[in-house]
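Protein chains: 4
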Amino acid sequence: MGLFDGVLAAGEAAECVSDVAWLKALLDAEAALAGAQADVGRFDRSAADAIAAVCEPDRYDLDALGAAATSVGNPAAPLVRAITELLPETAARSVHLGATSQDIVDTAAMLVTRRAVTAVLADLAGACDLLAALAEEHRDTVQVGRTLSQQALPTTFGLVAAGWLTGLAESAAVVADLRFSVQLGGAVGTLASLGADGPAVLTAMARRLDLAEPTLPWHTDRGRIAAVAGALGRVCGSVGKIAGDVVLLAQTELGEVTESADGAGGSSTMPHKQNPIAAVLARAAAAQAPGLVATLLSGAPELQRGAGPWHAEWRPLTELLRDTGSAAHWLRTSVGRLRVDRDRMRSNVDLLGGALLAERVTTALASSVGRLAAHDAVTECVRAGGDLAERLAAHPTLRQHLTRDRAAELLDPTGYLGSAGEFVDRALAAYRKER
Amino acid sequence: MGLFDGVLAAGEAAECVSDVAWLKALLDAEAALAGAQADVGRFDRSAADAIAAVCEPDRYDLDALGAAATSVGNPAAPLVRAITELLPETAARSVHLGATSQDIVDTAAMLVTRRAVTAVLADLAGACDLLAALAEEHRDTVQVGRTLSQQALPTTFGLVAAGWLTGLAESAAVVADLRFSVQLGGAVGTLASLGADGPAVLTAMARRLDLAEPTLPWHTDRGRIAAVAGALGRVCGSVGKIAGDVVLLAQTELGEVTESADGAGGSSTMPHKQNPIAAVLARAAAAQAPGLVATLLSGAPELQRGAGPWHAEWRPLTELLRDTGSAAHWLRTSVGRLRVDRDRMRSNVDLLGGALLAERVTTALASSVGRLAAHDAVTECVRAGGDLAERLAAHPTLRQHLTRDRAAELLDPTGYLGSAGEFVDRALAAYRKER
Amino acid sequence: MGLFDGVLAAGEAAECVSDVAWLKALLDAEAALAGAQADVGRFDRSAADAIAAVCEPDRYDLDALGAAATSVGNPAAPLVRAITELLPETAARSVHLGATSQDIVDTAAMLVTRRAVTAVLADLAGACDLLAALAEEHRDTVQVGRTLSQQALPTTFGLVAAGWLTGLAESAAVVADLRFSVQLGGAVGTLASLGADGPAVLTAMARRLDLAEPTLPWHTDRGRIAAVAGALGRVCGSVGKIAGDVVLLAQTELGEVTESADGAGGSSTMPHKQNPIAAVLARAAAAQAPGLVATLLSGAPELQRGAGPWHAEWRPLTELLRDTGSAAHWLRTSVGRLRVDRDRMRSNVDLLGGALLAERVTTALASSVGRLAAHDAVTECVRAGGDLAERLAAHPTLRQHLTRDRAAELLDPTGYLGSAGEFVDRALAAYRKER
Amino acid sequence: MGLFDGVLAAGEAAECVSDVAWLKALLDAEAALAGAQADVGRFDRSAADAIAAVCEPDRYDLDALGAAATSVGNPAAPLVRAITELLPETAARSVHLGATSQDIVDTAAMLVTRRAVTAVLADLAGACDLLAALAEEHRDTVQVGRTLSQQALPTTFGLVAAGWLTGLAESAAVVADLRFSVQLGGAVGTLASLGADGPAVLTAMARRLDLAEPTLPWHTDRGRIAAVAGALGRVCGSVGKIAGDVVLLAQTELGEVTESADGAGGSSTMPHKQNPIAAVLARAAAAQAPGLVATLLSGAPELQRGAGPWHAEWRPLTELLRDTGSAAHWLRTSVGRLRVDRDRMRSNVDLLGGALLAERVTTALASSVGRLAAHDAVTECVRAGGDLAERLAAHPTLRQHLTRDRAAELLDPTGYLGSAGEFVDRALAAYRKER
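Chains as they are written, first to last, in my numbering: chain A, 107 to 541; chain B, 107 to 541; chain C, 107 to 541; chain D, 107 to 541.
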């Protein structure tokens, strides 16, 4: 836990991409490689077992490995040396056989990603459940819909929450669909030193790690990394949308939602403030994703190994996983803290004294007096201020077609919600079916 | 066709995202909306037919629409006005009913994207077929595998081409799996002015355009745009990898491939030059994608309409589609022009006089003399230069275990290709199955 | 003017980066190159004059040039051919002498950039002048300062405008400081075919185009492009900040500013709406810059010519210039349309009934009753609601130290503006000095 | 030192942006704020001294601060509490007076950046000195110039190194010109709680930290961050260019440069390999910059405090500084390790048997036989192969104008280097003048 990590690297994903987690994944890859060779009879099970036995992170000195990595440019090479030193000659000879450093680092990247993604998905699922509950509870809570910063027409907070839910759940589903593959190709992708056993070892290694088996080694095909980047970038977009809306709705002047939490978000010097801090931090995390995605999409590894593009993936991948984890954590936290103020929602709906429903009145009167005339009359009444229903019922153009009661009915926001409720129901049904 | 478009916006996709194509898509959306309302009985079929009849791009003045768009900030609003002006009163009243500008622009964006993506996929399929043929033809053509700029071990050009094929085909498959949805929500997503008919109109409009029906309006959920961006970004990554390799293999000093084309790529003043210009332009296109993807992932639309983020999508989406189209076109062109020089491939393999196979000799002798001793002896022989097989057979540590013939056999690159051939077969089988 | 250009490519910069503008710049470069060679006596003045005479854009067919560009990958090569065809043999021989295509395209890029940047700076200067006037007029207009979406403390709209002004003016100054250099190096940067005259021709060409002379050819040093990208990216950041604030302040519930314009921003169906559309479009333009900047920073041209990275610059550079021009235009438009509602600003200040000044009361009483006790007492009063001055004066901990009048004085926002006025004066003085 | 930091976060900059370094900078800001208030007489010097005395990083628990930061969203707030707890009542009351958390974090960001940038500049200066020495030593070393992957014309390695030097030095100069400003504005930028003393305290605080004094508080004007981002992005572009060239020139088939280092870059299993690992890692670092720059340019802080955009800066700024430090370190290391092989450079020049000089021969004969005829004849001879001088002298079109000796002279690459030497001299002179 560093100075900024509580804020910027919150949630379980951070631990899944730590240096220790990477080391564990590298060791898992080496152990699985040895096990796979024993599986296909390339050497004794005892050698593989001996290797597996020393593939425990706490037997290695992270800092020393990191320092030794500079001479070859990756941590797998010094790790292989360190593993070998812990083993008797026979087993030592069987370590890393047939593999190149990239095989181990790429396979470890898949393991690290899978673990981090699992943590991300848990927070996303938590957030979705909370959103589903909000959508259900507020299915019929009237709220102003706002476009380009202006009050536009009534909607419901249930529909807003259902929209958040659908966007987030659909993005999460893309992440959940990611498949992770083992990488094993040897120095140039031929598995030359495994003779005819290459594909068999590949199959066995994939099975041991519960990873997919690729058609051929993917050391210079980074589509899998691009897929992870794209999926996480999409999730962060969904998070950023929701968190941004929370921040807007929490504005003092709107006051429709509050993040309520003991201590968090308060200001020591300004007691009237209740900052939606979890939403703020979710936005901050979401905002960092697109740049990281761009970096991960940029690499075009040269011929049989990226001379820079490969090494340039490790940090942005780690950061993007951690960052998406933080985004998911803070979003779940924010939604969990949300207090919805139905009264403020309603008073905001009434702020313009009915002008919000002008479109409806115009539409209702269009067939009687003509669209243009209706539009002009309604606009005139809105601009005049005062009791809008009364003005409408008194307007020369409209009065023959509109009683004050009918005008008031037309101006009632709860009667002009269209399919909001049905869309909420559809969203909840779709979410529950998927889950 | 502008000054740079032949170079930077090549292929069919460019036309699919032109202003005329956008206009057509906007009109298709309006026509479908009217048709859908007639389908569910909201107004007469004749009104819908009249609307459809004027929804032809050549009836509108693009420049005038573009100029008029500035007052509301999007081209749909002035288009609606222009459509209305072409119609008699009854039909005019039925134009755009229930919709907001974003419904039309978003639906049009999906149509434009689908059309452009179809063009991109055609070029990708063409490139894949050519790559598959190369992989098959050169299944056993020996080539040097190069890692971090250095010759490493033998591979085959067939495996290289199979790797290109697999990466490209898998990226193309993601694009082919994209689903496009209609957007219809009205001003704030409730479809208020359609009363209870909202979902039915939505269904009918989707069916008319052969678009998917979303669970609820997605005007402020940009996951669909993110999915398109991610998929195209991945394709460009695959293109960039292949094109980059072509450029490297075409270097004068390597000379393993040439782009052969009448006129193209030659230099008027330097007759010895044959620039791999199609690959160069494919790389140039690929390099522009990640930044555009980042922009498309960045938008978090506010509440019921993005106050900037929405408008910020149109240009990067258009550019990314055009750019990916150009990348696909130039890649297909490059691969189609490729002449493979087996002799240069072979002479490059032999450049180091056998040192390439040092790993193999070491491995072969490890069990007899110990890995370390073998390694040191082989390294010594490699560094000494001269006929490597002879030196190995004469080395004090090795001579008891190695005849010159056996040494020569071990140094034969065609005998150390591991599973290269099998991987080619797997790649071809997977590609043919998918296709 | 295309379908989207009125909205997305507004302002004068768009024309400065059009295909015709690029063609003109390419021709200017060729004419200057010929003129420079005559200047140093490499060939007759008459040949240079003949070349200059045909270097007029309307003598060339843009589309044909664009189409011909595909075989070499850039438009300079076919342009040279086209120029030559318009000239008699003697002059024809002198066209493009000593240069390579990149020399012409890079020099043209500098000319195009300079012209577009001039247009951008004019709009920025216009916006700055308007902001300075706002800052001056509203130097003492009290407004709520808002942090993390919550009302925090009073400030003035003058200080807000002064902050906008300072940020924008400082960013514009970076753009104004950009220096543009001629590029001339020949095929590999040696100017070999100019013999010993290379540097003299370089100097003369720079002088003719009023461009700086570089130390050496910069065809593979893209620092100049990076500088342009960074400066424009910064400007867009400043624009995005201001436009974003306008959108927030224009929200119906805040209502502190309005974009007032005949027709623009209104809604045909919702007469109560007045969308801050110019600010929305400024934000949209600003949001597209970072991705384009990233692309322009990404290129690492290989050896003596970028094999893709160079070609990948043209579109994003053009787009970034056009986009920044649109951002500057719309910002200037938005600020020019701004109507400031002092009354709404004041009523928003009073919204929390004095709680905004809680910090001040606490500080004032800290020395008498201790900070913690003061803080707790003030917080208690704020939470209790009602007339805050009365509550404070009646609170057991505070009443001995605070009359109701003194409490009211402490709660007066106009008395707690710190250095706001002085900061406005500093900003105006700094701006006027710079201008 | 973590698992990847030796590779990805090399050089001194990494330590300058560590959590401890950030903590120190936060404490320096608090100490300077207190000192500044004593300077202007707002409280006793003794209180400021007491505060300064406890502003030592090792008195604080980083992890505890990080954990406590989550409730307010930044580490400054809990740090103020922790400082206060170490002090007697009187001094405690004077901690953080008048400031808001962002004042402290922004000021600390400037301090951290200045320290890291100093480290970056040291490595860049080291690399520049090495490049200058290479340019001087190889002023006249002939090398092939390559464009679009093809041999084009002769150049010198001196010119190549001079181009690298100029690009890098000019980028470094932009970084060296960065100015860093103190930030102090209080909750909303008015310095309200400092009464009339605001500007005086600002001035004193700036002087104490040797930072510039801004015109007004810049909490919501991120131009300074954009300037840092742009400058570092440009440096990484220059590094990426040079490192990319080193990787290309080090290719086995070119062999013109080698990174020579005890142990580093070698392969345990492939003794013939000498990977240019420092250049590879410099490229990897450079490739990560554009995405981080884009993120830093993206933030548009809302009103008086960024509700996400501000928090989203800390990680990318830290990463970009560390990454640029790593890029500079590895570039310096790579250039320091460089062994230049003049013989390989020369033999590569001769690879095409003189065809490289075809342009020169054509130009020399153009006036005698006409440009087109000369071009066709030369092209014919080049394509025919064999001794080019002999063929040229025997060609029907040319033989009357060209002896074999003159042909050989024209084909001598050392005679066709144009201004290469002069450009090297200019670059060295410019560099030495700047330094």
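Every residue, glycine too, gets a C-beta built ideally from N, C-alpha and C.
Beta-carbon separation (whole angstroms), residue i vs residue j, contact threshold 8 Å
i	j	result
B:T296	A:L265	7 Å
B:G412	B:T326	7 Å
B:H507	B:C487	Their Cβ separation, rounded to whole angstroms, is 14 Å, which puts B:H507 and B:C487 out of contact at 8 Å.
Nearest candidate by alpha-carbon position, reference residue i, set the options
i	options	result
A:Q208	A:V178, A:G147 and A:R428	A:V178
C:A140	C:A131, C:D155 and C:L227	C:D155
B:A279	B:R314, B:L338 and B:G108	B:L338
A:A434	A:G273, A:A116 and A:G412	A:A116
D:T375	B:T468, B:D229 and B:G172	B:T468
B:L300	A:A390, A:L132, A:D531 and A:Y522	A:Y522
A:V126	A:G291, A:D316, A:G112 and A:D164	A:D164
B:D518	B:G442, B:E465, B:A480 and B:E486	B:E465
A:V399	A:E359, A:A332 and A:V353	A:A332
A:G291	A:V307, A:V281 and A:E276	A:V307
Chain F within 9 Å of residue i, Cβ atoms only
i	result
C:D212	Chain labels in this structure do not include chain F; the protein chains are A, B, C and D.
Beta-carbon proximity of residue i to residue j, cut-off 9 Å
i	j	result
D:F110	A:W128	yes
D:T213	D:A138	yes
B:A258	D:S373	yes
B:I210	B:A182	yes
D:S366	D:Q380	yes
A:W420	A:A119	no
C:L254	A:V353	yes
A:L185	A:L133	yes
Beta-ladder partner(s) of residue i, from DSSP
i	result
A:R285	According to DSSP, which records beta bridges pairwise, A:R285 is partnered with nothing at all.
D:P260	D:V250
A:G372	A:Q380
B:L444	B:E365
C:A318	C:S287
**Study point:** Residues from the segment 257–287 of chain D in contact with chain B, defined by Cβ distance under 7 Å
**Key:** Taking 7 Å as the Cβ-Cβ cut-off against chain B, the residues of the segment 257–287 of chain D that qualify are Q257 and A258.
Check your understanding: What residues in the segment 384–399 of chain A bring their beta carbon closer than 9 Å to a beta carbon of chain D?
Key -> Cβ contacts with chain D: A384, A385, V386, L387, A388, R389, A390, A391, A392, A393, Q394, A395, P396, G397, L398 and V399.
Check your understanding: Given a limit of 7 Å on CB to CB distance, which residues of the segment 338–361 of chain A reach chain B?
Key -> When CB distances to chain B are screened at a threshold of 7 Å, the residues of the segment 338–361 of chain A falling below it are G339, R340, G343, S344, G346, K347, G350, D351 and L354, in chain order.
Practice item. With 9 Å as the limit, tell me which residues of the segment 126–157 of chain B have their beta carbon closer than that to any beta carbon of chain A; keep them in chain order. Key: The residues in question: there are none.
Review point. If contact means a Cβ-Cβ distance below 9 Å, which residues of the segment 232–254 of chain A contact chain C?
Key: Residues passing the 9 Å Cβ filter: V250, R252, T253 and L254.
Check your understanding: Which residues, in chain order, does the segment 458–478 of chain A contribute to contact with chain C at a C-beta distance below 8 Å?
Key -> Those residues of the segment 458–478 of chain A placed with their C-beta closer than 8 Å to a C-beta in chain C are L458, A461, L462, A464, E465 and T468, ordered along the chain.
Exercise for review: Pull out every residue of the segment 183–211 of chain D whose Cβ sits closer than 7 Å to any Cβ of chain C, in chain order.
Suggested key: The segment 183–211 of chain D vs chain C, Cβ under 7 Å: R199.
Check your understanding: Between the segment 300–311 of chain B and chain A, which residues of the former have a C-beta closer than 9 Å to a C-beta of the latter?
Key -> Under the 9 Å Cβ criterion, the segment 300–311 of chain B contributes L300, G301, A302, D303, G304, P305 and L308.
**Study point:** Short-range partners of chain B found in the segment 488–501 of chain C, where Cβ spacing is below 9 Å
**Key:** Cβ contacts with chain B come from no residue of the segment 488–501 of chain C.
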